[in-house]
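Everything on this sheet refers to the single structure shown next.
Protein chains: 2
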Amino acid sequence: MNKETIQRGTAKETIIRIASDLFYRQGYNATGIQQIIDAAGVSKGAFYTHFKSKDVLGVEYLQKMSKDETTHLKQVLSEIHDPYKKYMQFNTLMKGWMVSTNYRGCAFANMTAEVTDRNSPIRKEAKFHYEAFRAIIRDLVEDLLKSDKKYEDFDVQYVADQFMMITIGALTNAEIYQDTWPYDHAEKALRQLIGEKG
Amino acid sequence: MNKETIQRGTAKETIIRIASDLFYRQGYNATGIQQIIDAAGVSKGAFYTHFKSKDVLGVEYLQKMSKDETTHLKQVLSEIHDPYKKYMQFNTLMKGWMVSTNYRGCAFANMTAEVTDRNSPIRKEAKFHYEAFRAIIRDLVEDLLKSDKKYEDFDVQYVADQFMMITIGALTNAEIYQDTWPYDHAEKALRQLIGEKG
DNA sequence: GTCTATATTTGGATAGAC
DNA sequence: GTCTATCCAAATATAGAC
Chain B
1 MNKETIQRGT AKETIIRIAS DLFYRQGYNA TGIQQIIDAA GVSKGAFYTH FKSKDVLGVE
61 YLQKMSKDET THLKQVLSEI HDPYKKYMQF NTLMKGWMVS TNYRGCAFAN MTAEVTDRNS
121 PIRKEAKFHY EAFRAIIRDL VEDLLKSDKK YEDFDVQYVA DQFMMITIGA LTNAEIYQDT
181 WPYDHAEKAL RQLIGEKG
Chain F
1 MNKETIQRGT AKETIIRIAS DLFYRQGYNA TGIQQIIDAA GVSKGAFYTH FKSKDVLGVE
61 YLQKMSKDET THLKQVLSEI HDPYKKYMQF NTLMKGWMVS TNYRGCAFAN MTAEVTDRNS
121 PIRKEAKFHY EAFRAIIRDL VEDLLKSDKK YEDFDVQYVA DQFMMITIGA LTNAEIYQDT
181 WPYDHAEKAL RQLIGEKG
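The listed protein sequences derive, respectively, from chains B and F.
According to this note's numbering, the first sequence holds residues 1 to 198 in order.
According to this note's numbering, the second sequence holds residues 1 to 198 in order.
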């Protein structure tokens, strides 16, 4: 049983996994290469064999976070078959994620706050994730609106975008206030969005 | 006419003003003391006479941003006397701010993304600003809800908090997408929040 | 109060042996 | 591929002259 087996993956995967944790918890600019390689147990030389620069690792970090998040969301949502339950459950999932551990807000918004060059691949990756996130929400909204005639006057993309903005608003406020009340308010807003009284 | 007269303020004020611009545009961690003093035209020694550390400047940066923003908002809103117009105008102001210049999202959320120590005075200052921002919104919502009997069943703090979350959600999405559509969506959400159809 | 000069650590990145 | 040793620039902060 060699080192790679214990760590369940290649050195490159280990670096990405360790760095992702550090980037999310400490921030991108506040995390140095030295700390990453110390935590990952590899040398500086090995690091630069796999990553041409820190920026490249930054992009791969966001790719991993996006993949993990969308995979998890899709998997959990696929187990809920009632469209209304699915619609309402999404916010509960977000709240549950916050109270679990190490919550530090939206990794993609945080990176966008740190990387100011609007042409940076890092910012493109963040935007790309938001599109994926938006698509998941759109699907779930579409399922709900098609499920009952009472929703026939609702526009799918409009409701989906409102849903997304409510979600991001809750996420950001929860991080600032270090409190879950924004998610409780978001739940009410999501009900109101589909015609129920707040 | 000495240097201070030209710069309209003391050296300390100049540093805060210059640093505020750099912190907001480039981010806090990405902006070094050297760049700040070069741009402000002062020496390193002078800098550390006025600020014990970079952290202290970071706090004063947020204090200035908060003061400027709340002062500006209160002043503009005080010129609108119709409660409904005031309610709707707020989002227009936010959108106008974005399209003006150098928009980089919420300075306080950005700092919170960079400074991860939850006990840091910087994070406390960000939270403090959100409370001030929330209070401004609460006042404006209260004025509206008291202005007409049709709002008598609405709860002021609830509507105000929803308003705030919508605003922050729009702000964050606008920065990620580099687009104003979130503000247009926010306007509809704000109408829906007070019982109008989206 | 402001300046120059400097201390010290850390940043990202590379060279060359194994 | 991985390692050690090293480069160089930039980070925050201080000392001491004027």
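Glycine included, every Cβ here is placed at the ideal spot set by N, Cα and C.
Since we're looking at a predicted model, the values are computed, not measured.
Counted within 10 angstroms of its Cβ, other Cβ atoms place residue i as buried (16 or more) or exposed
{"i": "residue 20/B", "result": "buried"}
{"i": "residue 45/B", "result": "exposed"}
{"i": "residue 107/B", "result": "buried"}
{"i": "residue 187/B", "result": "buried"}
{"i": "residue 42/B", "result": "buried"}
{"i": "residue 67/B", "result": "exposed"}
{"i": "residue 150/B", "result": "exposed"}
{"i": "residue 96/F", "result": "exposed"}
{"i": "residue 14/F", "result": "buried"}
Short CB-CB distance (under 9 Å) between residue i and chain F
{"i": "residue 83/B", "result": "no"}
{"i": "residue 115/B", "result": "yes"}
{"i": "residue 30/B", "result": "yes"}
{"i": "residue 268/B", "result": "Since the first residue of chain B shown is 1 and the last is 198, residue 268/B is not available in this structure."}
{"i": "residue 181/B", "result": "yes"}
{"i": "residue 188/B", "result": "yes"}
{"i": "residue 34/B", "result": "no"}
{"i": "residue 161/B", "result": "yes"}
{"i": "residue 50/B", "result": "no"}
Nearest-angstrom Cα separation, counted from residue j out to residue i
{"i": "residue 98/F", "j": "residue 102/B", "result": "32 Å"}
{"i": "residue 118/B", "j": "residue 63/B", "result": "18 Å"}
{"i": "residue 94/F", "j": "residue 24/F", "result": "17 Å"}
{"i": "residue 179/B", "j": "residue 159/F", "result": "18 Å"}
{"i": "residue 112/B", "j": "residue 60/F", "result": "23 Å"}
{"i": "residue 136/F", "j": "residue 77/F", "result": "10 Å"}
{"i": "residue 167/F", "j": "residue 185/F", "result": "10 Å"}
{"i": "residue 75/F", "j": "residue 81/F", "result": "12 Å"}
{"i": "residue 199/B", "j": "residue 56/B", "result": "Residue 199/B falls outside the range modelled here, since chain B spans only 1 to 198, and no answer is possible."}
{"i": "residue 121/F", "j": "residue 193/B", "result": "37 Å"}
{"i": "residue 152/B", "j": "residue 195/B", "result": "12 Å"}
{"i": "residue 177/B", "j": "residue 129/F", "result": "11 Å"}
{"i": "residue 141/F", "j": "residue 125/B", "result": "37 Å"}
{"i": "residue 70/F", "j": "residue 123/B", "result": "29 Å"}
{"i": "residue 36/F", "j": "residue 50/F", "result": "13 Å"}
{"i": "residue 148/F", "j": "residue 90/F", "result": "19 Å"}
{"i": "residue 47/F", "j": "residue 58/F", "result": "13 Å"}
CB contact check: residue i to chain B, cutoff 9 Å
{"i": "residue 118/F", "result": "yes"}
{"i": "residue 164/F", "result": "yes"}
{"i": "residue 21/F", "result": "no"}
{"i": "residue 150/F", "result": "no"}
{"i": "residue 192/F", "result": "yes"}
{"i": "residue 168/F", "result": "yes"}
Cβ distance (whole Å) where residue i is taken to contact residue j below 8 Å
{"i": "residue 173/F", "j": "residue 165/B", "result": "6 Å"}
{"i": "residue 30/F", "j": "residue 29/B", "result": "6 Å"}
{"i": "residue 114/F", "j": "residue 32/F", "result": "Between residue 32/F and residue 114/F the Cβ distance is about 14 Å, and since that is not below 8 Å, they are no contact."}
{"i": "residue 162/B", "j": "residue 189/F", "result": "6 Å"}
{"i": "residue 86/F", "j": "residue 143/F", "result": "7 Å"}
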